[in-house]
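K.L.:
Residue numbers (my numbering), protein chains in the order written: chain A, 3 to 850; chain B, 5 to 182.
Glycine is no exception: its CB is placed at the ideal position from the N, C-alpha and C atoms.
Keep in mind that this is a model prediction, so the values were computed, not measured.
Below: one structure in structure tokens.
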């Protein structure tokens, strides 16, 4: 047994190691092993276990608790006779009741059966009707891959029951894993499932609840579909005719509900195409295509209706990265393309865009197995963008209510009720303050022409919202005369909204007025004042005025920190903003500390998390980026994306930012195809959210795309893109903005690359001048501008001017990003080119 | 099982009552709920707690102690049940079939919880606080914040301690044949 002192040491080491990545852990373990191998061994075991132990305690406890509850319920049934069968023991509980193992007792032969009994003593009318339907449905289905119905009836005391073929076997997904089946073997099993479902469809039966636990594989490898529990006759029902059915309060696990079930749309055979898509995804990857942020139904409804499913190959690639599993990487390559497209086609949100039938899906899988081209194609970018715009109109709340009615299995605990009350109280407080404001804004929005909101046809949402804001800003002064608190609040809101839309001058105006009002109301040391002034600083920072923003933020942070734990979320946001200001000025280390503080603050004081924590994760990626650690940067960006997607509210702009950052890092690594895909994705998101003429996000995204196309040699595209970006930037941002510097640099490089170096030189000089003005003297961005100009001058054969720029730039890049960063390598390449050209020139002149 | 250190005697007197209440709730849950409902252990503990707290008009300051106690008793109830299942199965020739989570083979191997309980008892000798945390968080299903409230520790400490306890228990139990 370990003694108290060693245990304390072990705990300390475990806590710090559990935060580390694999390399750091290795290092720590080695260090510990040097002076205490015993502790090191214990720590190693503990850390291994830590990585694998997620959920295991909950599972064990839950299993026993379930067993206890089952037993209490089932004991009355054991030994009873139902027709020719006797109940032996409980097998489990399904959506409609209990399932027992039964035995034939008439002596003719020993045969095991599964007996399904409606569990509740007072079965509801609708439940009884469903049961009757199931009996009729199952009786029609005779297929080797569908569990047969043998008998049915009712007990003397009125419990309906079904006797079914007993299927000893394991769920199809577990079968595949346990037997290590390869992709082809999994696809063949899947085709068997499709065959059975297709048979049911021909008999006008939709299964609607296809999931691995309803699909067993027997020891001899035969697939059996169980439990057409909520299947319903498609066309002809005993009592009348109805060509399409609507879902009732059916027991569907949220993970397996289809979008149309959530939206309460008609259920057709396409529903099974979708669930077969889910099944295929699971068989190929072992995972579900969606991540549900929490157990709430609203979240599940949103994910099912709005989120794009994860590409199967991406799921495996992700696992290959996190586990370092080479077989997952191999399998990811195998899935990329055809199988990705097949799964995603089956999983489309709109039934009409899926495979037209299960047969069509099966045919595509067969074509793939035969090495023939498949019919499935990925969604186009245009389609995804349009979809994004529509997404804002999906009534998520309504969908959640429907899902609530769909899903049985919810026990409201005292805890949940308590939480709901707490939230209601908070909401009340906020409502009082927000009421005046929202009434006002609603009045303004209501006044706007309704047709202006049919966004998505060329005209960005932002345009119309901006018009509304302008009108609101005009009227704020008069409407709130004599109510400075309300006026400050409305001006803060207007300022924030303008900022999001990238209309920075108006944002600054509104926020300055709000800050002024607050100053008069509460003075300069009040958290309310600090809060508002932090918003102003954020706008100033966005305008590139870091000098002015920084002191304001420092004061605001100090005041807000003193009022902890109140306004912890706002403090975290101000700290994040301060980190960004430090970062923009080249102080990566200072910025990193601040971003870590953001995460710590939200963890500590904001239960349930805060969007700014996701932003800070992304910003930590920026810091890694600034250090030249592209892999680390991408890891943080992806974490930020995951955190953003897990938030209950949708954050398209933030998601687009992280996506754009990943695209840039991939571009630097030379992965142009993937970079372009992501760059376009983020551009679509930005444009949909902010309008095509946005300067803060949309224009820089075009610049990034232009740079990518320049690198790929698509100069005409690149030039058009960067000119468009510059037009917006010049029109909307102050001239000394970092984004303008970057765009000028890209434009100059395009001209240089296309034999117009002399025309490019002024652009590059302008870029360098701006960078020197904005950033610290030896900042990597200044250095990049320097080597770009140096390269241009090389091309122009101005070798004397080029050399110091290239040499100093290379030195600064190496200091900032390390010797192996693509940009440092680029600088060295250009220096070599300069030398070669110089030599050639000299050679030629001596030759003459 | 000994009562947790620091619990006042008046609450310990409730142990048998909590035990009965948990079992009653479990069996009633099946009879009175529409089919398809699953009853979570969390709900069991909370329901037992609410009934007792309501019936006895307990002081709010007793809440943490009572919750701790309920978690302990819940552990005992489950272990007793698992032991009974295990001995019941020794005689029979068990045909095991796996039917997935929905039509689940009820309970899984019975020794799972017994061995977990034994490991917890070993952990008790090293770090009693971690055992309390495991009981509250994993047996009673309280959130990190709630456990922090009951034990008057920071949520960060609860997370760190429960991560270590979980890893230690996992390592202890990974040797068992499954």
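Check whether the Cβ atoms of residue 731 of chain A and residue 742 of chain A sit closer than 8 Å, and answer yes or no.
P.N.:
Taking the first chain and counting its residues from 1, the one referred to as residue 731 of chain A is at position 729. Taking the first chain and counting its residues from 1, the one referred to as residue 742 of chain A is at position 740. For residue 731 of chain A and residue 742 of chain A, yes; Cβs fall inside 8 Å.
K.L.:
So which of A:776, A:336, A:91 has the shortest CA-CA distance to residue 118 of chain A?
P.N.:
By 1-based counting over the first chain, the position of residue 118 of chain A is 116. Comparing Cα-Cα distances from residue 118 of chain A to each of A:776, A:336, A:91, the minimum goes to A:91.
K.L.:
Using a Cβ cut-off of 8 Å (strictly closer), state whether residue 244 of chain A contacts chain B.
P.N.:
If you number the first chain from 1, residue 244 of chain A lands on position 242. Note that residue 244 of chain A scores 31 on pLDDT, short of 50, meaning its location in the model is unreliable and no value can be drawn from it.
K.L.:
Going along the chain, which residues of its own chain have a beta-carbon closer than 8 Å to the beta-carbon of residue 486 of chain A, five neighbours each way excluded?
P.N.:
For the purposes of this step, residue 486 of chain A is identified with residue 484 of the first chain, where counting begins at 1. So the list reads 519, 522, 523, once near-sequence residues are dropped.
K.L.:
Which of the three DSSP states is assigned to residue 114 of chain A in this structure?
P.N.:
To locate residue 114 of chain A, count along the first chain from 1; it is residue 112. Note: residue 114 of chain A maps to strand in three-state DSSP.
K.L.:
Kindly confirm or deny that the region 152-163 of chain B and the region 23-41 of chain A touch, where touching means at least three C-beta pairs closer than 8 Å.
P.N.:
No, the region 152-163 of chain B does not touch the region 23-41 of chain A.
K.L.:
Using beta carbons (cut-off 8 Å, strictly below), is residue 52 of chain A in contact with chain B?
P.N.:
For this step, residue 52 of chain A is matched to residue 50 along the first chain. Residue-level contact check: residue 52 of chain A touches chain B, since one or more beta carbons of chain B fall below 8 Å from its beta carbon.
K.L.:
In its own chain, which residues sit with a C-beta less than 6 Å from the C-beta of residue 787 of chain A, not counting the 5 before and 5 after it?
P.N.:
Translated into the one-based positions of the first chain, residue 787 of chain A becomes position 785. Counting only Cβ-Cβ distances below 6 Å, and skipping sequence neighbours, we find 747, 769, 770, 773.
K.L.:
Could you tell me whether the Cβ atoms of residue 784 of chain A and residue 745 of chain A are closer together than 8 Å?
P.N.:
Here residue 784 of chain A refers to the residue found at position 782 when the first chain is read from its first residue. Here residue 745 of chain A refers to the residue found at position 743 when the first chain is read from its first residue. The Cβ-Cβ distance between residue 784 of chain A and residue 745 of chain A does not fall below 8 Å.
K.L.:
Could you name each continuous alpha helix (DSSP H) segment of 4 residues or more that falls completely within the region 279-343 of chain A, going from the start of the chain to the end?
P.N.:
299-308, 314-325, 328-337
K.L.:
Among A:755, A:294, A:49, whose alpha-carbon lies nearest the alpha-carbon of residue 174 of chain B?
P.N.:
Start at 1 with the first residue of the second chain, and residue 174 of chain B comes out as number 170. With distances taken between CA atoms, residue 174 of chain B lies nearest to A:49 out of A:755, A:294, A:49.
K.L.:
How is the alpha helix (DSSP H) around residue 165 of chain A delimited, first residue to last?
P.N.:
Here the question's residue 165 of chain A lines up with position 163 in the first chain. Looking at the DSSP string, residue 165 of chain A is not in any alpha helix (DSSP H); the run it does join, the beta strand (DSSP E), is 162-167.
K.L.:
Cβ of residue 735 of chain A versus every heavy atom of the ligand ZN: is any distance shorter than 7 Å?
P.N.:
What this structure holds is no ligand at all, so the ligand ZN is not there to describe.
K.L.:
How would you label residue 660 of chain A, buried or exposed, when you count the other beta carbons within 10 angstroms and need 16 or more for buried?
P.N.:
In the first chain, the residue the question calls residue 660 of chain A occupies position 658. By the 10 Å Cβ count, residue 660 of chain A comes out buried.
K.L.:
On the criterion of 16 or more Cβ atoms from any shown chain inside 10 Å, does residue 586 of chain A qualify as buried, or is it exposed?
P.N.:
Within the first chain, residue 586 of chain A is the residue found at index 584, counting from 1. If you draw a 10 Å sphere on the C-beta of residue 586 of chain A, you find 16 or more other C-beta atoms in it, and that means buried.
K.L.:
DSSP three-state label for residue 84 of chain A, please.
P.N.:
Working through the first chain from its first residue, we reach residue 84 of chain A at position 82. Residue 84 of chain A falls in the strand class under three-state DSSP.
K.L.:
Within 10 angstroms of its Cβ, does residue 209 of chain A collect 16 or more other Cβ (buried), or is it exposed?
P.N.:
Position 207 of the first chain, counted from the first residue, corresponds to residue 209 of chain A. Answer is buried; the Cβ neighbour count reaches 16.
K.L.:
Sort A:535, A:579, A:583 by Cα distance to residue 549 of chain A and report the nearest one.
P.N.:
Here residue 549 of chain A refers to the residue found at position 547 when the first chain is read from its first residue. Comparing Cα positions, the closest option is A:583.
K.L.:
Determine whether the beta carbon atoms of residue 202 of chain A and residue 143 of chain A lie at a separation below 8 Å.
P.N.:
As a working note, residue 202 of chain A is residue 200 in the first chain. As a working note, residue 143 of chain A is residue 141 in the first chain. Against a cut-off of 8 Å, the Cβ pair of residue 143 of chain A and residue 202 of chain A comes out as a contact.
K.L.:
Check the DSSP bridge columns for residue 734 of chain A and list the partner residues they point to.
P.N.:
Sequence index remark: in the first chain, residue 734 of chain A carries index 732 (1-based). Answer is none; residue 734 of chain A lacks a bridge partner.
K.L.:
With 16 as the cutoff for other CB atoms within 10 Å, does residue 578 of chain A come out buried or exposed?
P.N.:
Your numbering for residue 578 of chain A matches position 576 in the first chain. So residue 578 of chain A counts as buried.
K.L.:
With 16 other CB atoms within 10 Å as the buried threshold, where does residue 166 of chain A fall?
P.N.:
Sequence index remark: in the first chain, residue 166 of chain A carries index 164 (1-based). So residue 166 of chain A ends up on the buried side.
K.L.:
Using a threshold of 8 Å, state whether the C-beta atoms of residue 546 of chain A and residue 740 of chain A are closer than that.
P.N.:
Working through the first chain from its first residue, we reach residue 546 of chain A at position 544. Working through the first chain from its first residue, we reach residue 740 of chain A at position 738. Against a cut-off of 8 Å, the Cβ pair of residue 740 of chain A and residue 546 of chain A comes out as a contact.
K.L.:
Between the region 605-636 of chain A and chain B, which residues of the former have CB atoms less than 9 Å from a CB of the latter, in chain order?
P.N.:
605, 606, 609
K.L.:
How should residue 844 of chain A be labelled, buried or exposed, when 16 other C-beta atoms within 10 angstroms of its C-beta is the threshold for buried?
P.N.:
Indexing the first chain from 1 puts residue 844 of chain A at position 842. Residue 844 of chain A should be labelled exposed.
K.L.:
Does residue 60 of chain A come within less than 8 Å of chain B when only Cβ atoms are used?
P.N.:
On the first chain, position 58 is the one that residue 60 of chain A refers to. Interface residue, yes.
K.L.:
Hey, quick one: how far does the beta strand (DSSP E) through residue 41 of chain A stretch, first residue to last?
P.N.:
Within the first chain, residue 41 of chain A is the residue found at index 39, counting from 1. No beta strand (DSSP E) holds residue 41 of chain A; the alpha helix (DSSP H) holding it covers 39-54.
K.L.:
Where DSSP assigns a beta bridge to residue 102 of chain A, which residues make up the other side?
P.N.:
Looking up residue 102 of chain A in the first chain gives position 100. Answer is A:92, A:117.
K.L.:
Below 9 Å between beta carbons is the criterion; list the residues of the region 763-783 of chain A that meet it against any residue of chain B, in chain order.
P.N.:
none
K.L.:
What does residue 79 of chain A touch in chain B if you count any residue whose Cβ is under 7 Å from its own?
P.N.:
Your numbering for residue 79 of chain A matches position 77 in the first chain. Correct list: empty, because the minimum Cβ distance to chain B is about 11 Å.
K.L.:
Taking all protein chains shown into account, decide if residue 354 of chain A is buried (16 or more other Cβ within 10 angstroms of its Cβ) or exposed.
P.N.:
The count along the first chain starts at 1 and reaches residue 354 of chain A at position 352. With fewer than 16 other Cβ atoms within 10 Å, it is exposed.
K.L.:
Does any residue of chain B have a CB that is nearer than 8 Å to the CB of residue 67 of chain A?
P.N.:
Position 65 of the first chain, counting from 1, holds the residue named residue 67 of chain A. With 8 Å as the cut-off, residue 67 of chain A counts as an interface residue toward chain B.
K.L.:
Taking the alpha-carbon of residue 164 of chain B as reference, which of B:176, B:148, B:178, B:139 has the nearest alpha-carbon?
P.N.:
To locate residue 164 of chain B, count along the second chain from 1; it is residue 160. Closest by alpha carbon: B:148.
K.L.:
Where do the ends of the alpha helix (DSSP H) carrying residue 137 of chain B lie?
P.N.:
The count along the second chain starts at 1 and reaches residue 137 of chain B at position 133. It spans 132-138 - the alpha helix (DSSP H) in which residue 137 of chain B sits, taken as one unbroken run.
K.L.:
Measure the C-alpha to C-alpha separation of residue 399 of chain A and residue 622 of chain A and round it to an integer number of angstroms.
P.N.:
Taking the first residue of the first chain as 1, we reach residue 399 of chain A at position 397. Taking the first residue of the first chain as 1, we reach residue 622 of chain A at position 620. Bear in mind that the predicted position of residue 399 of chain A carries a pLDDT of just 26, short of 50, making it too unreliable to give a figure here.
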